[in-house]
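See below for the structure under consideration.
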Ligand SMILES: [Zn+2]
Ligand SMILES: [Zn+2]
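Residue numbers (UniProt numbering): 1 to 374.
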């Protein structure tokens, strides 16, 4: 029987990944041993790396692919330049692929970088062969982006922008600091390889390694270590269930610099209409998932009926208290917004609100304690 034929290799990509990798992993250290690198090399590496990756996370991903906020044209141009510097195709192409990834996640026939096809494929393999030759230039799922002149300008001049930023920026730094080869290696090759692979980890590792606190309907995981290297994108389990949220790490202690950056732009008047998921939906998803995982653990044990019944009861209580608390919270916000209630009535509502809140928190503590036992 003949093996299924693989699509042809995209030699441009193969050579690009290979050459930059050799430059970064072999030539850059060798040159360093011969000539040494100074502080400015490392400072500019961090600056350029951050510029590239944040343009992808805050620009390509959260702004254009998911429309989680709106950005001023100046910001959009900066992201377009940073995205070309990151050498990850145009924002239009990237977003189109990414929207398909979300829509058909883990579907080996449709998801362009399906994690179910293995680490190598989802990390880099999907770019080495012409897997989507029929739909490569189909941007039908990005009609909204085609109305954004920055997106279309970048798409049209992508190659030129990519060459000018990737060669021009390190070259300019090399002239300023009088080490052209050193800067081309560090800010050119090493920065590009680091930027590429840390971004690629979101398609590969973030679908393999980590926890699933919100859903297990897809392979996406939450992983704090990955979040550290990916400017906050490691909270991928949350992201796949609530993709319209401008945050990926929703708690203050979760490392999500992309979220902090977008929020800072908001304070500066450069970003608006930041979208967040209603808290009730997040809590419901988390509770349902924890319940499901606990039942699965219990199913593996004998004589589990009593524990299961107790867990069921606690879960029902939790959902009820959760709904009561958040419903009243919503009601109060609405009434406040429209100035609907008198002072007296409002204070009564607030008393009720505090009561429901403490009941919900107590139930949540009880629920968490129960989860640790089963
Ligand atoms: Zn996404
Ligand atoms: Zn994903």
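Built from N, CA and C at the ideal position, the CB exists for glycine as well. Bear in mind that the values here come from a model prediction, so they are computed numbers and not experimental data.
What are the residues that DSSP puts in a beta bridge with residue i?
i, result
"residue 222", "211, 235"
"residue 129", "9"
"residue 272", "70"
Does DSSP put residue i in a helix, in a strand, or in coil?
i, result
"residue 70", "strand"
"residue 1", "At residue 1, the pLDDT of 48 sits below 50, so the modelled position is not reliable and the matter cannot be decided from this model."
"residue 342", "coil"
"residue 24", "helix"
"residue 86", "coil"
"residue 296", "helix"
"residue 162", "helix"
"residue 38", "coil"
"residue 168", "helix"
"residue 254", "coil"
"residue 291", "helix"
"residue 157", "coil"
"residue 147", "helix"
"residue 334", "helix"
"residue 242", "coil"
"residue 247", "coil"
"residue 321", "helix"
"residue 217", "coil"
"residue 279", "helix"
"residue 105", "coil"
"residue 358", "helix"
"residue 373", "helix"
"residue 230", "coil"
Using the beta-carbon count (16 or more within 10 Å), is residue i buried or exposed?
i, result
"residue 182", "buried"
"residue 54", "buried"
"residue 105", "buried"
"residue 252", "exposed"
"residue 212", "buried"
"residue 320", "exposed"
"residue 369", "exposed"
"residue 338", "exposed"
"residue 222", "buried"
"residue 289", "buried"
"residue 259", "buried"
"residue 33", "exposed"
"residue 255", "buried"
"residue 264", "exposed"
"residue 136", "exposed"
"residue 326", "buried"
"residue 69", "buried"
"residue 35", "exposed"
"residue 271", "buried"
"residue 159", "exposed"
"residue 126", "buried"
Could you compute how far the alpha carbon of residue i sits from the alpha carbon of residue j?
i, j, result
"residue 162", "residue 87", "6 Å"
"residue 65", "residue 347", "43 Å"
"residue 61", "residue 95", "7 Å"
"residue 275", "residue 226", "24 Å"
"residue 204", "residue 75", "29 Å"
"residue 284", "residue 245", "16 Å"
"residue 116", "residue 191", "29 Å"
"residue 43", "residue 261", "20 Å"
"residue 1", "residue 114", "Bear in mind that a pLDDT of 48 at residue 1, under 50, signals an unreliable position, so the number given afterwards is only what the model happens to contain. Computed Cα separation, rounded: 26 Å."
"residue 174", "residue 189", "13 Å"
"residue 376", "residue 216", "With the chain covering only 1 through 374, there is no way to say anything about residue 376."
"residue 309", "residue 130", "53 Å"
"residue 315", "residue 373", "14 Å"
"residue 234", "residue 317", "32 Å"
"residue 63", "residue 144", "12 Å"
"residue 356", "residue 303", "35 Å"
"residue 359", "residue 214", "23 Å"
"residue 140", "residue 28", "42 Å"
"residue 231", "residue 323", "33 Å"
"residue 82", "residue 187", "13 Å"
"residue 56", "residue 367", "39 Å"
"residue 109", "residue 365", "43 Å"
"residue 89", "residue 39", "31 Å"
"residue 48", "residue 210", "28 Å"
"residue 371", "residue 294", "7 Å"
"residue 168", "residue 291", "54 Å"
"residue 107", "residue 19", "31 Å"
"residue 26", "residue 185", "10 Å"
"residue 156", "residue 170", "23 Å"
"residue 311", "residue 133", "51 Å"
"residue 236", "residue 344", "45 Å"
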